[in-house]
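Here is the structure we will look at.
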Amino acid sequence: MANEVVDHGRRRFLTVTTAVVGGAGVVAAVVPFIKSWEPSARAKAAGAPVTVDISAIEAGQKVTFAWRSLPVFVVNRTKDQLAQLKGLEPRLLDPMSADSAQQPKYATNETRSIKPEWLVVIGLCTHLGCVPDFVPDIKPEPFDANWKGGFYCPCHKSRYDLSGRVFSGVPAPKNLPVPPYHFIDDTHIQIGVDPKEAG
Amino acid sequence: MANVFSRIGDWVNERAPNLAPTYRKHMTEYFAPKNFNLWYYFGSLALLVLVNQIVTGIFLTMNYKTSALEAFNSVEYIMRDVEWGWLIRYMHSTGASLFFVVVFLHMFRGIMYGSFKRPRELVWILGMLIFLVLMAEAFMGYVLPWGNMSFWGAKVIISLFGTIPYIGGSLVEWIMGDFLPADATLNRFFALHVIALPLVLLLLVVLHLAALHEVGSNNPDGVDVKHGPKGNKWNPEKPIDAIPFHPYYTVKDLVGVGFFLTIAAFIIFFAPTFGGWFLEHDNFTPANNLVTPSHIKPSWYFTPFYAILRMIPSFFGTAIWGVIGMFGAILLLALLPWIDKGEVRSVRYRGLGFRIALGVLVFSFLALGLVGAGVTAEVIPEWFPGADVTTWENAFGRLMVLGYFGFFVFVWVYTRFGFEKTKPVPERVTMHD
Numbered sequence: 065m066a067n068e069v070v071d072h073g074r075r076r077f078l079t080v081t082t083a084v085v086g087g088a089g090v091v092a093a094v095v096p097f098i099k100s101w102e103p104s105a106r107a108k109a110a111g112a113p114v115t116v117d118i119s120a121i122e123a124g125q126k127v128t129f130a131w132r133s134l135p136v137f138v139v140n141r142t143k144d145q146l147a148q149l150k151g152l153e154p155r156l157l158d159p160m161s162a163d164s165a166q167q168p169k170y171a172t173n174e175t176r177s178i179k180p181e182w183l184v185v186i187g188l189c190t191h192l193g194c195v196p197d198f199v200p201d202i203k204p205e206p207f208d209a210n211w212k213g214g215f216y217c218p219c220h221k222s223r224y225d226l227s228g229r230v231f232s233g234v235p236a237p238k239n240l241p242v243p244p245y246h247f248i249d250d251t252h253i254q255i256g257v258d259p260k261e262a263g
Numbered sequence: 006m007a008n009v010f011s012r013i014g015d016w017v018n019e020r021a022p023n024l025a026p027t028y029r030k031h032m033t034e035y036f037a038p039k040n041f042n043l044w045y046y047f048g049s050l051a052l053l054v055l056v057n058q059i060v061t062g063i064f065l066t067m068n069y070k071t072s073a074l075e076a077f078n079s080v081e082y083i084m085r086d087v088e089w090g091w092l093i094r095y096m097h098s099t100g101a102s103l104f105f106v107v108v109f110l111h112m113f114r115g116i117m118y119g120s121f122k123r124p125r126e127l128v129w130i131l132g133m134l135i136f137l138v139l140m141a142e143a144f145m146g147y148v149l150p151w152g153n154m155s156f157w158g159a160k161v162i163i164s165l166f167g168t169i170p171y172i173g174g175s176l177v178e179w180i181m182g183d184f185l186p187a188d189a190t191l192n193r194f195f196a197l198h199v200i201a202l203p204l205v206l207l208l209l210v211v212l213h214l215a216a217l218h219e220v221g222s223n224n225p226d227g228v229d230v231k232h233g234p235k236g237n238k239w240n241p242e243k244p245i246d247a248i249p250f251h252p253y254y255t256v257k258d259l260v261g262v263g264f265f266l267t268i269a270a271f272i273i274f275f276a277p278t279f280g281g282w283f284l285e286h287d288n289f290t291p292a293n294n295l296v297t298p299s300h301i302k303p304s305w306y307f308t309p310f311y312a313i314l315r316m317i318p319s320f321f322g323t324a325i326w327g328v329i330g331m332f333g334a335i336l337l338l339a340l341l342p343w344i345d346k347g348e349v350r351s352v353r354y355r356g357l358g359f360r361i362a363l364g365v366l367v368f369s370f371l372a373l374g375l376v377g378a379g380v381t382a383e384v385i386p387e388w389f390p391g392a393d394v395t396t397w398e399n400a401f402g403r404l405m406v407l408g409y410f411g412f413f414v415f416v417w418v419y420t421r422f423g424f425e426k427t428k429p430v431p432e433r434v435t436m437h438d
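Residue numbers (our numbering), protein chains in the order written: chain A, 65 to 263; chain B, 6 to 438.
Set out below in structure tokens:
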């Protein structure tokens, strides 16, 4: 109480250092609260790779599996269906799968797959996220007189071929994405893990 | 940059001209006595814990499931799977216990320095209401994890209302919404715990502070600085022995906050259950309406009042006397401004009788806490092999009940009939140059 002389420099230094140290403490304390909004261990576990048995999927059949709560289409394509993929290119938006975000490197090919007959794609339309219908038969459809088999989105009429490649002139901008996957053996696929990671 | 801030300030001032004066009235121009000591940390610390409880509580509700089927697992989910969930929950559970530590010390300060006396009776009454709401808040919060102690604690506490003659039975069913604590009970307790009571609590805290700032703070000498000499270096009209709350006491309180957070962090990181005192072991098993925990006891902060309940026996075929005693123990505290007629506030200048009585009050309160927590029942057979535990525990416990209530009777007689011989109270606070 007795000292009349105030050292303003010292006071400002103390105020600033206190504020900085205290502010750092507050920022550190805020981190756990912000991080608590991240996917929990349970959500991450639900997003873990899934191993699916494909032995029962017959030629020409599609089965949907859940991976990270997303529908993953696994299609066993016939020779006929694969033959139809050639010649569609002029009608497709991205026939060569140039958009590398839509599939891993090992699926950047004409069939967009590791083994030609097995198509694995995430079954969500790249327009607004509806689940497209599987329309495999090669016959004229109301929405396409020249239909060679593929996926048709009931929401806004986007169309994809049997490799999940999007047609030109539809609302969807991109091919159906291919998730990371690899073959454990001839009848089991693990979705969520690249062949390289699986070693 | 400074120009931008001052322009924003002017803009706000033009539209809300009372904002800045309100801030000054409660912070930079709230003049508090300059002789505050360690005991004056606990008010601001209580505010800090309240903020902690609200923030951590909000984040807990983001993952907690209000359902008898899911509640227990959702708490385990928070502890194990949610990122940093364990920290947020331990901050909340440790905060609850430290809230009571801080509030008990804050109340003891008020009794010791006569802060409850005229003209601060309203501050004291509002404080006691905060204490009551806090106890309800803590009790309902303890039920939410739906562990076995949650369930049986809820059952025992709600059953207290069953001792009320005639309406007791139906009142208990009404509170629980079922015939035993169940999903309905859990849901209504959740609603009360996270919305209703916090709103009441915040309102009471605002009123508590507003009432305090009307009359001004007391101090360890119990001297009215407002009636002393005027003119300090900030304001010629204000008491000479007072200093602005901000920055002087905000900075002082920061030191207290530092110490407090260090202790709190130690508990949160190294002893979150505090040996079964802060989180009881029996609450780590899910609620089971067929198995009562072997040692049923409330959280530590309720144990003194719980002991009063247990120590008072049934008379005339009803157990209501214990319930009356328990609530009476709190009511008497609230009525202290009218029980204690002494003119002198601070224990520093009060008669020897009051000092001894205050010591008896503290001792019996702590001892009742041990009785209520079941410590005496464990210790008696160890120290006195062969002694009849119930008899001795009852004898000790009832003596402590007498000590607790005796304080109020003694203080009334002591001050009402002029037995108190006080020391001369100084004109000004003892700490001035």
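Every residue gets a Cβ at the ideal spot worked out from N, C-alpha and C, and that includes glycine.
- According to the DSSP secondary-structure assignment, PRO38(B) is paired through a beta bridge with ALA247(B).
- In its own chain, leaving out the 5 sequence neighbours on each side, no residue places its CB closer than 6 Å to the CB of LEU336(B).
- Contact of PHE413(B) with chain A by beta-carbon distance below 8 Å is absent, the smallest such distance being about 40 Å.
- Restricting attention to beta strand (DSSP E) runs no shorter than 3 residues, the stretch 150-221 of chain A encloses them at 182-186, 197-199 and 214-216, ordered along the chain.
- Under the 7 Å criterion on CB atoms, VAL56(B) is classed as non-interfacial with respect to chain A.
- The beta-carbon of ALA105(A) is placed less than 7 Å from the nearest beta-carbon of chain B.
- ALA130(A) sits in a strand when the DSSP states are folded into three classes.
- Look at ASP249(A) here: in three-state DSSP terms it is strand.
- Separation of LYS39(B) and PRO124(B) (C-alpha to C-alpha, rounded to the nearest whole angstrom) is 19 Å.
- The C-beta of PRO429(B) has fewer than 16 other C-beta atoms within 10 Å across all chains shown, which makes the residue exposed.
- DSSP places GLY152(B) within a strand segment (E or B) once states are collapsed to three.
- DSSP places ASP117(A) inside the beta strand (DSSP E), whose first and last residues are 114-117.
- Residue environment for ASN78(B): exposed (fewer than 16 other C-beta atoms within 10 angstroms of its C-beta).
- Neighbours of LEU92(B) across chain A, judged by C-beta separation under 8 Å: PRO96.
- The CB of SER100(A) comes closer than 7 Å to the CB of PHE64, VAL87, GLU88, TRP89, GLY90 and ILE93 in chain B, given here in chain order.
- Cβ contact annotation for ARG141(A) (same chain, cutoff 7 Å, sequence separation greater than five): GLU181, LEU183 and LEU226, in chain order.
- Comparing alpha carbon positions, the residue from THR308(B), ILE245(B) and VAL80(B) closest to LEU65(B) is VAL80(B).
- Your pair PHE36(B) and ILE248(B) checks out as a contact, with CB atoms roughly 7 Å apart and the cut at 8 Å.
- Per the Cβ contact rule, the stretch 318-334 of chain B is not in contact with the stretch 191-202 of chain B (fewer than 3 Cβ pairs under 8 Å).
- For GLU425(B), the closest C-alpha among the options ILE385(B), TRP179(B), LEU74(B) and ARG350(B) is that of ARG350(B).
- If the five residues before and after TYR354(B) are omitted, its C-beta is found closer than 6 Å to the C-beta atoms of THR427, LYS428 and VAL430, all from its own chain and listed in chain order.
- Identification of residues in the stretch 66-86 of chain B having a C-beta nearer than 8 Å to some C-beta of chain A yields MET67, ASN68, TYR82, ARG85 and ASP86, given in sequence order.
- Distances from the CA of TYR409(B) to each of LEU207(B), ALA362(B) and PHE422(B) were compared; the closest alpha carbon is that of ALA362(B).
- Leaving aside the five residues that flank ALA141(B) on each side, the residues in its chain whose CB is nearer than 7 Å to its CB run, in chain order, LEU202.
- Nearest to LEU127(B) by C-alpha distance, out of THR27(B), THR435(B) and LEU341(B), is LEU341(B).
- Exclusion of the five residues before and after VAL87(B) leaves ASN68 as the residues of its chain whose Cβ lies within less than 6 Å of its Cβ.
- Residue state for PHE47(B) is assigned as helix, using DSSP reduced to three classes.
- By the CB criterion at 7 Å, MET154(B) and GLU285(B) fall inside the cutoff.
- If only uninterrupted beta strand (DSSP E) runs of at least 3 residues are considered, those enclosed by the stretch 216-276 of chain B are 247-249.
- Between ILE121(A) and VAL127(A), the gap from beta carbon to beta carbon is short of 7 Å.
- Rounded to the nearest whole angstrom, the C-alpha separation of PHE121(B) and ASN42(B) is 18 Å.
- Taking the CA atoms as reference points, ASN239(A) sits about 14 Å from LEU149(A).
- For TYR354(B), there is no enclosing alpha helix (DSSP H), as DSSP marks it with neither H nor E.
- DSSP places ARG125(B) outside both helix and strand once states are collapsed to three, so it counts as coil.
- Residue state for ILE255(A) is assigned as strand, using DSSP reduced to three classes.
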